Amino acid sequence: MRFCLLLASLLCSTCVGWAAEPALKVAGALWCPYNCAADPQAKRPGFMLEILDAALAQQGRKMRYQEYPWRRAIVATRNLQTDLIAGTLKSDAPDFVFGQQAFGVSRSCFVTRADSQWHYHSVADLTRLRLAVNNDQTFGEPVDSHVRSARNRSYIFLGGGSDYLHKHLEALARGQIDLTLEDEYVLNDWFKQSGRSAEFRFAGCLHSGPVYVSVSPQHPQAKALVRMLDRGVRALRESGELARILAKYGIRDWQN
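Numbering (UniProt numbering), first residue to last: 1 to 256.
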């Protein structure tokens with residue numbers, strides 16, 4: 001009997017050691033093809049979410065994703081309501097903890113109607129043009145200052161919500177605005193899904209920058225989490241799984 005109790009105790013101790021760690025809570029905003037669907041079983045969850053899910057699986061962890069408006073996602077992560085946030089540029093939350101491995105590269109591009117000859121060279125080219133942007137996004141200087149300047153208020157249209165890009169491009173097609181500014185992958189995905197690329201043209205892009213899955217500096221395991229993500233992404237790249245995920249979305253590895 002004592003032997004059975006001892007064996008049961010040992011087995012229970014082993015079970016505790018083997019117990020699965022809780023799923024990591026991940027915040028993000030709708031930004032397809034990076035983050036497309038809150039359901040990880042969806043046909044197109046988004047390449048960033050697929051990479052994150054696979055990178056965590058490499059380390060024996062699972063994730064639970066929740067979609068927010070972008071600024072709320074940052075606040076939720078900062079306040080430790082969630083462990084990770086998917087889709088951060090360093091300019092979005094400079095104090096957050098970032099790993100070495102990016103989960104994508106973002107380049108913001110201006111789009112006009114197809115019949116326009118306008119092209120972006122410098123911020124001066126935006127003078128007196130009606131520009132629509134997402135209120136939650138940053139684009140770097142000097143464009144951010146132009147967008148936020150009170151002097152330009154009557155020319156800047158700030159959108160939000162899950163359908164902001166559709167609204168901006170519809171307004172552009174109707175001539176209600178002159179141009180919009182959005183991530184190149186996001187624009188191309190909208191054109192592909194809508195079949196309306198012939199109505200618009202790219203008219204110059206800003207510099208590109210890496211996009212990360214990051215962690216609040218207040219998180220007690222912040223550095224350990226980003227190291228875990230770095231290991232996972234490296235393993236996916238070495239195995240070829242990263243390239244396979246990206247190919248589903250028509251995207252190439254940014255390190256190649």
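Positions of the beta carbon are idealized from the N, C-alpha and C atoms, including for glycine. Bear in mind that the values here come from a model prediction, so they are computed numbers and not experimental data.
*Give every residue of the same chain whose Cβ lies closer than 7 Å to the Cβ of lysine 223, excluding the five residues on either side of it in the sequence, and list them in chain order.*
Once the five neighbours on either side are set aside, the close Cβ partners of lysine 223 are Val97.
_8 Å contact criterion, which leucine 80 and glutamine 218 should meet: CB distance rounded_ = Indeed they touch by this definition, with Cβ atoms about 6 Å apart.
*From the beta carbon of glutamine 137, is the nearest beta carbon of chain C less than 9 Å away?*
Protein chain content of the structure displayed is limited to a single chain, and chain C is not contained in it.
*Tell whether a beta-carbon distance below 9 Å holds between valine 133 and phenylalanine 157.*
At the C-beta level, valine 133 and phenylalanine 157 come within 9 Å of one another.
_Please give the ranges of any beta strand (DSSP E) in the region 117-149, keeping only runs that are unbroken, at least 3 residues long and fully inside the region._
DSSP runs (the beta strand (DSSP E)) wholly in the region 117-149: 131-134.
*Starting from glutamine 255, follow the alpha helix (DSSP H) in both directions and report where the run begins and ends.*
Glutamine 255 -> no alpha helix (DSSP H), and no H or E assigned at all.
_Burial state of threonine 82, where buried means 16 or more other Cβ atoms lie within 10 Å_ = Burial of threonine 82 is indicated by the presence of at least 16 other C-beta atoms within 10 angstroms of its C-beta.
*asked:* Taking contact to mean 3 or more Cβ pairs, one atom from each stretch, closer than 8 Å, check whether the region 234-253 and the region 48-56 are in contact.
replied: Yes, the region 234-253 touches the region 48-56.
*glutamine 101: which of Leu225, Tyr249 and Thr127 sits nearest, CA to CA?*
Nearest to glutamine 101 by C-alpha distance, out of Leu225, Tyr249 and Thr127, is Leu225.
*Report the rounded CA-to-CA distance for isoleucine 177 versus phenylalanine 110, giving the unit in angstroms.*
About 12 Å.
*Tell me, to the nearest whole angstrom, how far the beta carbon of cysteine 205 is from that of glutamate 184; I am working on the premise that it is less than 8 Å.*
The C-beta distance from cysteine 205 to glutamate 184 rounds to 6 Å, short enough to fall under 8 Å.
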